[in-house]
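So the structure is just underneath, and the comments pick up after that.
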Amino acid sequence: MKWCLYFLPILLVSCVGGKSEQELLDDFARANVALKRDRYVMAIQAYDQIIKESPKFTAAINNRGIAYMELGQFQEALKNFDLVLSLEPGDYDAAFNRTRALWLQGLWRPALEELHLLSSTHDSAAVYFRMGQIYYQQNRLDSALWSFDQSLEIDTVNVEAWINRGNIHYYRGDYPRSQYDIQKALALESSHPLAMNTQALLLTEDSDWLEALKWIKRALAIQPEEPYLINNLGYVYMGMDSLSQAEQYINQSLLLDPNNPWAYRNKAIWYLKSHRPKKTIELLEQAQTMTQNNPPLDLLYYLGQAYEAIGDHEKACNTWHKGQQQGDRRSAAMLEQFCKSG
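Here's what the structure looks like:
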């Protein structure tokens, strides 16, 4: 749920203008249609007229805040949500919408503080789901996982909660749990591109590259410009040793989103396969910095290979040892195979 939209208020406060209550309700319904059709300026103008007629019409004030938020005018949005809360203290919808306006500005800490306050009075799946989204964006995966757990306990049909939780399990190398969550998501929405994306990645863990290619292409047929999907298409082609196609799609992904650490990780693997290990080390270190405390689980596996390729055997073994400690099975295999002590 992005935001809470009022459709029809239970009770409309007294009007100060010349319109009847029914006329204002009709105007409100038309303004909501404009909002749902993404005609935000038109919606704001319509809500302005309604609020001029009825200044305490909190449903219209809330929805005007949503329109401002969708236009990226977050301060105006917050003014509207705060006005609702001054007229109706404790209003859940305005409070929930306010957390999104804070989050979209990058004000993660106050957004989370307000969400935790909301969770103490409203046991809402949407509140926990938004917490999970923010924690996920902050790379605080333990907190994100807890939040998605809480959300799914309340609402078992939230496809995106299943996908997000499945992605966390995937990043941590817990593939059985990831598969369970992604299958739940696909059972609810078989053509969800992000669920298909993770399903493709899970297949790559078993080196089933042809089946993974089918899944990622199905996802791209729905979202052809999504950089994460394009990047993973490059990764699949790399697993199939189609290096020219892999480079094409990874580069395309980086052009669309130069801040995706997974694209840098994939380009690093491409350099490794192209016998340029120094570039591999450079890009993997960049990806490691970008992901802070939660780098891709296999990053150390590839980094160790790059060190080995430049002749730094001791550093390779130390890197694989770190990977083994973090639960990476491939690092553990390399440590056992190439390092006398681990």
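Residue 572 is where the sequence shown starts when you use my numbering, and the numbers rise one by one after that.
Idealized CB from N, CA, C, for every residue including glycine.
This structure is a prediction, so every number in the text was calculated from the model and none was measured.
Handout entry: Cβ distance (whole Å) where Ile632 is taken to contact Val655 below 8 Å
Key = That pair is a contact at about 5 Å.
Exercise for the section: Just the C-alpha distance for Trp780 and Ala766, rounded to the nearest angstrom, thanks. Expected result: Their backbone Cα atoms lie some 17 Å apart in a straight line.
Practice task
Tell whether a beta-carbon distance below 8 Å holds between Phe700 and Leu675.
Solution key: No; because the gap between Cβ atoms is not below 8 Å, this pair is not in contact.
Problem - Within 8 Å, strictly: CB atoms of Arg900 and Pro867 - result: Contact flag unset, no.
Problem - Rounded straight-line distance, which links the Cα of Leu658 to that of Leu716 - result: Approximately 36 Å, taken between the alpha carbons.
Practice task
For the alpha helix (DSSP H) containing Ser591, list its first residue and its last residue.
Solution key: No alpha helix (DSSP H) holds Ser591; DSSP gives it neither H nor E.
Exercise for the section: Compare the beta carbon distance of Asn768 and Leu800 with 8 Å and say whether it is the shorter of the two. Expected result: For the pair Asn768 and Leu800, the CB atoms are nearer than the 8 Å cut-off.
Handout entry: C-beta atoms of Ile821 and Lys838 nearer than 8 Å
Key = Yes; because the gap between Cβ atoms is below 8 Å, this pair is in contact.
Exercise for the section: Could you tell me the distance, in whole angstroms, from the CA atom of Asp713 to the CA atom of Ala817? Expected result: Rounded to whole angstroms, Asp713 to Ala817 spans 32 Å at the Cα level.
Practice task
Report buried or exposed for Lys755, applying the criterion of at least 16 other Cβ atoms within 10 angstroms of its Cβ.
Solution key: By the 10 Å Cβ count, Lys755 comes out buried.
Handout entry: Val604 classed as buried or exposed, judged by whether at least 16 other C-beta atoms fall within 10 angstroms
Key = Exposed, by the Cβ-count rule.
Practice task
With His740 as the anchor, note down where its alpha helix (DSSP H) starts and where it stops.
Solution key: Looking at the DSSP string, the run of the alpha helix (DSSP H) that includes His740 is 730-742.
Problem - Nearest residue (CA-CA) to Phe915, options Phe652, Leu825, Asn889, Tyr878 - result: Since the first residue of the chain shown is 572 and the last is 913, residue 915 is not available in this structure.
Practice task
For Gln708, count neighbouring Cβ atoms within 10 angstroms of its own Cβ and tell me buried if that reaches 16, exposed if not.
Solution key: Looking at its Cβ environment, which holds fewer than 16 other Cβ atoms inside 10 Å, Gln708 is exposed.
Exercise for the section: State the Cα-Cα distance for the pair Tyr746 and Ala682, rounded to the nearest angstrom. Expected result: The alpha-carbon atoms of Tyr746 and Ala682 are separated by roughly 31 Å.
Problem - Neighbourhood of Leu854 by C-beta, 8 Å cutoff - its chain only, sequence neighbours within 5 removed - result: The answer, listed in chain order, is Tyr835, Arg836, Lys838, Ala839, Tyr842.
Problem - Gln857 versus Pro848: straight-line alpha-carbon distance, rounded - result: If you take the alpha carbons of Gln857 and Pro848, they lie about 14 Å apart.
Handout entry: Same chain only: Cβ atoms within 8 Å of Ile621, ignoring 5 sequence neighbours per side
Key = Counting only Cβ-Cβ distances below 8 Å, and skipping sequence neighbours, we find Leu595, Asp598, Phe599, Ala602, Phe628, Ala631.
Handout entry: Test item: CB-CB of Tyr808 and Leu773 under 8 Å
Key = It is not a contact, given that the beta carbons lie outside the stated cut-off.
Practice task
Spatial neighbours of Pro764 within its chain, please: CB distance less than 6 Å, with the 5 preceding and 5 following residues excluded, ordered by chain position.
Solution key: Excluding residues within five positions, the ones whose Cβ falls inside 6 Å are Ala790, Ile793, Gln794.
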